[in-house]
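Chains F and X supply the protein sequences, listed in that same order.
For the first sequence, my numbering begins at 1 and goes up steadily by one.
For the second sequence, my numbering begins at 1001 and goes up steadily by one.
In what follows, a structure is listed as structure tokens, so that the remarks can point back to it.
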Amino acid sequence: NAGVMQNPRHLVRRRGQEARLRCSPMKGHSHVYWYRQLPEEGLKFMVYLQKENIIDESGMPKERFSAEFPKEGPSILRIQQVVRGDSAAYFCASSPIPPPTDEQYFGPGTRLTVT
Amino acid sequence: AQKVTQAQTEISVVEKEDVTLDCVYETRDTTYYLFWYKQPPSGELVFLIRRNSFDEQNEISGRYSWNFQKSTSSFNFTITASQVVDSAVYFCALSESNNDMRFGAGTRLTVKP
């Protein structure tokens, strides 16, 4: 049973470009969470999605950021017109049941660098 | 309000010393879960332990041990006989009935040979 998969592992974008981060949850998991870790900081919650639904996006910046979890395929975190401040590690996690849960498994992260 | 507080930003010890990483949490829920993760220099998150709010038993796993005390809302992590490979950033986290897992700011542990 493969774990949570994220790709790419490293992504370099120039200012103004778009970044697309993908997360494939563990098999049987229909709940996905995205977190951002700025350099030298802890992880901060961004968004929680179930299949085809955004449940909580209270941690998402109001502009340029969006997330989806379609019926088929991975969850996508999309950042439009990236700026240097978007440089961070973005972690995805999945769980088989809604929170609170002790079964939230993390992927290896995508490290975004904006030049 | 900070839900998970890791007051120690950085700790430095010499190999073979014991070290305790503190974690204090805040919640009004009766059902919640606590976690510790290790983040080595390679950057991935390594799961160490999870604990639910109804299980206050302390746990030992090799050189690692955890002390969960609801009375003080603490979930401290002790490494016995530390090794250089223990050098990493350690995060404590809380999962409640809302939709996210709250992480502490992390404690950077450096173990010197």
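Where a beta carbon is used, it is the ideal one built from N, C-alpha and C, also for glycine.
Does residue i get closer than 8 Å to chain X when you measure Cβ to Cβ?
i: residue 45 of chain F; result: yes
i: residue 48 of chain F; result: yes
i: residue 89 of chain F; result: yes
i: residue 110 of chain F; result: no
i: residue 59 of chain F; result: yes
i: residue 96 of chain F; result: no
i: residue 39 of chain F; result: no
i: residue 104 of chain F; result: yes
i: residue 25 of chain F; result: no
i: residue 8 of chain F; result: no
i: residue 113 of chain F; result: no
i: residue 100 of chain F; result: yes
i: residue 56 of chain F; result: yes
i: residue 3 of chain F; result: no
i: residue 73 of chain F; result: no
Looking only at DSSP bridge pairs, what is residue i linked to?
i: residue 5 of chain F; result: F:24
i: residue 31 of chain F; result: F:50, F:95
i: residue 1058 of chain X; result: Paired residues: none, contrary to the question.
i: residue 1010 of chain X; result: X:1108
i: residue 1038 of chain X; result: X:1046, X:1090
i: residue 1028 of chain X; result: In the DSSP output, where bridge partners are listed per residue, residue 1028 of chain X has none listed.
i: residue 1005 of chain X; result: X:1024
Does the beta carbon of residue i come closer than 8 Å to any beta carbon on chain F?
i: residue 1058 of chain X; result: no
i: residue 1052 of chain X; result: yes
i: residue 1103 of chain X; result: yes
i: residue 1110 of chain X; result: no
i: residue 1032 of chain X; result: yes
i: residue 1045 of chain X; result: yes
i: residue 1095 of chain X; result: yes
i: residue 1077 of chain X; result: no
i: residue 1062 of chain X; result: no
i: residue 1100 of chain X; result: yes
i: residue 1068 of chain X; result: no
Around the C-beta of residue i, are 16 or more other C-beta atoms found within 10 angstroms, so that it is buried, or is it exposed?
i: residue 12 of chain F; result: exposed
i: residue 63 of chain F; result: exposed
i: residue 38 of chain F; result: exposed
i: residue 82 of chain F; result: buried
i: residue 36 of chain F; result: buried
i: residue 1041 of chain X; result: exposed
i: residue 1086 of chain X; result: buried
i: residue 121 of chain F; result: With chain F covering only 1 through 115, there is no way to say anything about residue 121 of chain F.
i: residue 47 of chain F; result: buried
Between which two residues does the beta strand (DSSP E) carrying residue i extend?
i: residue 1023 of chain X; result: Premise fails: residue 1023 of chain X is in no beta strand (DSSP E) and is neither H nor E.
i: residue 110 of chain F; result: 110-114
i: residue 13 of chain F; result: 10-13
Minimum length 3: unbroken beta strand (DSSP E) runs contained in the segment 38-89 of chain F:
43-50, 53-56, 65-68, 75-79
Complete runs of the beta strand (DSSP E) confined to the segment 1043-1103 of chain X [at least 3 residues]:
1046-1052, 1059-1061, 1064-1069, 1074-1079, 1088-1095, 1101-1103
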